[in-house]
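First the structure, in the form of structure tokens, and then the observations on it.
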Amino acid sequence: MRIFISIFLGCVLLSACSMDSIMYNSMPLSSYTLSTAVIPDTSRVEVAMASEGETIYGYYARQTDSLRVKPHPVIIYHHGNRDNIEYCWERVEFLYKAGFDVFIYDYRGFGKSTGTSTEAGLQSDARAALTYVRGRKDVDTSHIIHYGYSLGGYPALYSATVLHTPRALITESIFASGEALVQSGTLLNIPGSYLLNDPLDNIAPMQKRTCPVLLLHGTEDTFISVETCGQRLYDIARQPKTFVKVQGAGHESVPQTLGIQNYIDLITAFIRGN
């Protein structure tokens, strides 16, 4: 796979094209079709938010009153590249089963959201998502948790360092920077700036953050290296921090490799412990 990507990127270099269209490989939709098996229609609401001239869509999944406890944490889920709300709905269900409210949103150009993604766009969309969640009367704003998967690590860290200090932060399979992503996912030892217009740096914000952080990364992730990205971010992060290397897990299979209930228990223990 890396050889194929290297050949492809070599062609990109020769054609003087940018890799940004691959980094923001959106999955647009005209509507969302979401399962009701775990989260019924009565427990979720579709939301449209303004973000610098674009319309960003999200879903808020709320626990029933009988299951809500105080303080009641809310997880803002920042999804990955090639994803959207519909594609990631199972992930929302996992977190909902753990007893938390969950808000998931699509960056501009993803799902029903309008526009085209950029680094600045990710920042604006993350701000819109946080503004919505903090504006809900049923949300305890001191118990907001950010969860960033893959590309979503960037807006999650941006939110946790620039926009506010959350209760906690969870990252899964995230890159250290755009340059590290290019180099870990290919055989090409070239500056990421040759291929990416946006630096997408997660190193500085990881060093800056003060909230507790849980980093999850699969040892068999061939897209974003656990050593050059996951381990590097953990090493430079300040305490409190926890790093879970999931043996045998690939880029997308951390929950499944852990076992869904084990994954839910891990997330629950981390959040309840902080």
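Be aware that the sequence shown starts at 165, since it is given in the numbering used here, and climbs by one per residue. Yeah, the Cβ is synthetic: ideal placement off N, Cα and C, and Gly gets one too. Quick caveat, the model's predicted, so the values are computed rather than measured.
Whether lysine 276 touches tyrosine 196 by CB criterion (8 Å): Yes; because the gap between Cβ atoms is below 8 Å, this pair is in contact.
Proximity below 8 Å, CB of asparagine 245 to CB of methionine 187: For the pair asparagine 245 and methionine 187, the CB atoms are nearer than the 8 Å cut-off.
Own chain, CB closer than 8 Å to valine 209, minus 5 neighbours either side, in chain order: Excluding the 5 residues flanking it on each side, valine 209 has same chain C-beta neighbours closer than 8 Å at Tyr223, Tyr224, Arg226, in chain order.
Threonine 386, DSSP secondary structure in three states: In the three-state DSSP reduction, threonine 386 falls in the coil class, being neither helix nor strand.
Classification of glutamate 254 by the beta-carbon crowding that lies within 10 angstroms, buried from 16 upward: Exposed is the call here.
Nonlocal neighbours in the same chain, by C-beta distance under 8 Å from threonine 374, ignoring five residues either side: So the qualifying residues of the chain are Thr329, Arg402.
Cβ-Cβ distance between alanine 293 and phenylalanine 258 below 8 Å: No. Outside cutoff.
Residues near serine 179 in its chain [Cβ-Cβ closer than 7 Å; skip 5 each side]: A caution first: serine 179 carries a pLDDT of 43, below 50, which makes its placement in the model too unreliable to give a value.
Glutamate 210: first and last residue of the uninterrupted beta strand (DSSP E) it sits in: Residues 208-215.
Inter-residue spacing [alpha-carbon to alpha-carbon] between serine 215 and glycine 423: CA-CA distance, serine 215 to glycine 423, rounds to 37 Å.
Separation of leucine 333 from proline 376, as counted between CA atoms: Looking at the two C-alpha atoms, the distance is approximately 6 Å.
C-alpha distance - tyrosine 318 paired with glutamine 371, whole-angstrom precision: Going from the Cα of tyrosine 318 to the Cα of glutamine 371 covers about 13 Å.
Buried/exposed call for alanine 320, threshold 16 Cβ in 10 Å: Alanine 320 should be labelled buried.
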